[in-house]
Every structure is written in structure tokens, then in C-alpha cells.
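Colleague: When we follow our numbering, the leftmost residue of the sequence shown carries the number 174, and every step to the right adds one. C-beta atoms are modelled at their ideal positions from N, C-alpha and C, and glycine is treated no differently.
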Amino acid sequence: MLNSMSETVLTNRKRREEMKKLAFVLSVVVLASLVLTACGSKATPSQGGSHTAGLPDLGGKTITVAVENAYPPFNNIDEATNKAVGWDYDTVAEICKRINCVPEFKQSAWDGIFPAMQAGEYDMLADGVTSRAGRNWAVDFSIPYTFVSQQLLVRADEANTLDDFVANADLKVGSQIGTTNYIAATEYFPDKQILTYSDFGAAVLALMAGDIDGVVLDDTVAAGFMQQNAGELKVIGAVLTGDSLAFVFPPGSDLVGPVNAALRSMHDDGTLTQLNEKWGLADPAETELE
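1) How long is the line joining the alpha carbons of Asp-261 and Ala-379, rounded to whole angstroms?
2) According to DSSP, is Ala-419 part of a helix, a strand, or is it coil?
3) What does Ala-239 pair with, by DSSP beta-bridge criteria?
4) Return helix, strand or coil for Ala-257, following the three-state DSSP convention.
5) For the segment 327-345 against the segment 438-447, are there 3 or more C-beta pairs whose distance is under 8 Å?
6) Might you give, ordered along the chain, the residues of its own chain that have their beta carbon closer than 6 Å to the beta carbon of Gly-453, omitting 5 neighbours on each side?
7) My output table needs one value for Val-312: the three-state DSSP class, helix, strand or coil.
8) Rounded to whole angstroms, what is the Cα-Cα separation between Gln-324 and Leu-390?
9) Taking the Cβ atom as the reference point for each residue, do Glu-241 and Asp-336 lie within a distance shorter than 7 Å?
10) Closest to Phe-373 by C-alpha separation, out of Ala-239, Tyr-244, Asn-255, would be which residue?
11) Answer yes or no: does any C-beta atom of chain C fall closer than 7 Å to that of Leu-448?
12) Give the list of continuous beta strand (DSSP E) stretches no shorter than 3 residues that lie fully inside the segment 351-402.
13) Below 7 Å between beta carbons: does that hold for Ser-417 and Pro-288?
14) With DSSP as the reference, label Phe-247 as helix, strand or coil.
15) Determine which residues share a DSSP beta bridge with Ser-322 and list them.
16) Kindly identify the DSSP beta-bridge partner or partners of Leu-335.
17) Is the beta carbon of Val-346 less than 7 Å from the beta carbon of Gly-387?
18) Could you check where the beta strand (DSSP E) with Ser-348 kicks off and where it finishes?
19) In whole angstroms, give me the CA-to-CA distance for Ala-455 and Gly-415.
20) Count the C-beta pairs between the segment 350-358 and the segment 420-436 that are closer than 8 Å, then say yes if the count reaches three, no if not.
21) Among Asp-251, Ala-375, Thr-225, Tyr-295, which has the Cα closest to the Cα of Lys-270?
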């Protein structure tokens, strides 16, 4: 009888130990499944951001966007914060919010940027580029997002008029190399050798130092430099009017359609107007969005 009871006790104890082992194994399995589920949920945002209904969905694709970071108000480094700011950053972010992409901005020198775009080194070029038919052989353009005039920027104490600059060979004019601004300067001042600079920041520094007497550049960019150097600069007249600005893409890019769709929606709901007003740009006419 005692032996039988002892065997029963041992058997029950063995069963309890086996049940404990089974419970432990099950708890490990459940914990592992919870960890995997959590990991899966954390990965979801990287698969895509927000998207506006009715617009193309790029599925969270990362697109590289070339900028100079020396072209206010489109893009520049804020000296107070050391952060990149400007119309390009705000607008491309809004575009990607609508068509579900992630912008990755890449700083690039202007010189050579069109061959780089043609070769597909970047997905998109911002930087306030003039949309000109002569460039279509190499790159594709979006619909325009603003229009500009080419102005002559001078020091605030400059007494000469625009006509004086045309007539006086001693007055020196500069612009950024490889830009439509440079072309406009050569056409407006045919008797002058237009001095060239790697970016407009360098040209403006030369102007303020007295090395040159005027810089031909877009009116919006002139306003940006005047704001940065309050009371030291002014514009004295338009060299050329009516240029449209657009985003640039490698030839045959499949981004042109989605970006155009986003720009149209931003124009229609007033967002483009708000961004243009914030950064001092003019709105494109309705016909320019066709």
C-alpha cells in the first residue's frame, strides 16, 4: 500500500514537472511571436508615407533631389541654425507627401549639373531652373511653378541707371556661369565681357566688395540676397522678363507625371500659392500649368 502511494506521488510530481516545461515552451513561443509582430509593425513606415487620393502613389520611393544650397530663397544654409532651408525644401516635401515619396536632398555645384541630370545621377533637380526649349534635348521639365524676370542687382548707393550700364564700358557686370541669367546678361550688354562665378553667392560677394558693379539674376533670388544683406543692395531694372521656372528630370523620367500631378493639385487647393507667398515667388498663370 505504501509502495503504491509512493508511486502515485512520484507520478503526479513527474506530470506537474512536464506541465511546467510545456507551459514554459508555450510562453517562449508566444513571446517570440509578439516580438516578430512588433518588428513587423515598426517596418511599416519605411514602406511608404502619406498619399493623397487620386494622385499617383510612388510607394514610399526615395528620390534624390539636387540643390546648390546657395540660391535663396529656393535653397540655402541658414546661418543661425546651420540647416538647409528654402522654397525647394518645403515644396518638394509637400509633393512627396502627396505622391508618397521620400526626398533625399543632395548638394551639388551648378557647373556640370545638367550632364549629371542627363546621366541620371539625380532623380530630380530643384534650384530655380529656367525652363527653356534649348535644354529639352538633354533633360525633361515639369510644368512651371513660378515665373521670374532677370534683374540687375547693384549696391545700394549705386547712382547709375540700367541705361548707364549699357552705355558705360567701365561698369562691370557678372553672373553665374552656365545659367540663363548669364545668357540674358550677354544679350542685354553685348559690348561687355560678363564676368562669371561658380554660384550667385560668390557673384554677390564680388559685388559687395566692389570687384564688379552689377549682377544679373532672377528677381526672386535678388530679393533673397537683399533680405540677407538688408540695406546694402537694390535692383535697378529688368534685363529680361517672363521666364518660367520648373523642376528638371533625366530624359524619359517616370517622375515627371507624378510631380506634375502633385503641382496641379497644390495649385488647385491653394498650397502652391501659400508656399510662393512665404518665399516671395509669383504664382504661375493657369495657362502655364497646361
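Modeller: Here's the rundown:
1) 26 Å
2) strand
3) Lys-279, Leu-298
4) strand
5) no
6) Pro-246, Thr-393, Ala-396
7) coil
8) 6 Å
9) no
10) Tyr-244
11) Reference to chain C is not applicable here, since this structure consists of a single protein chain.
12) 368-370, 387-391
13) no
14) coil
15) Bridge partners of Ser-322: none, in fact.
16) Leu-335 is not bridged to any residue.
17) yes
18) 346-349
19) 11 Å
20) no
21) Thr-225
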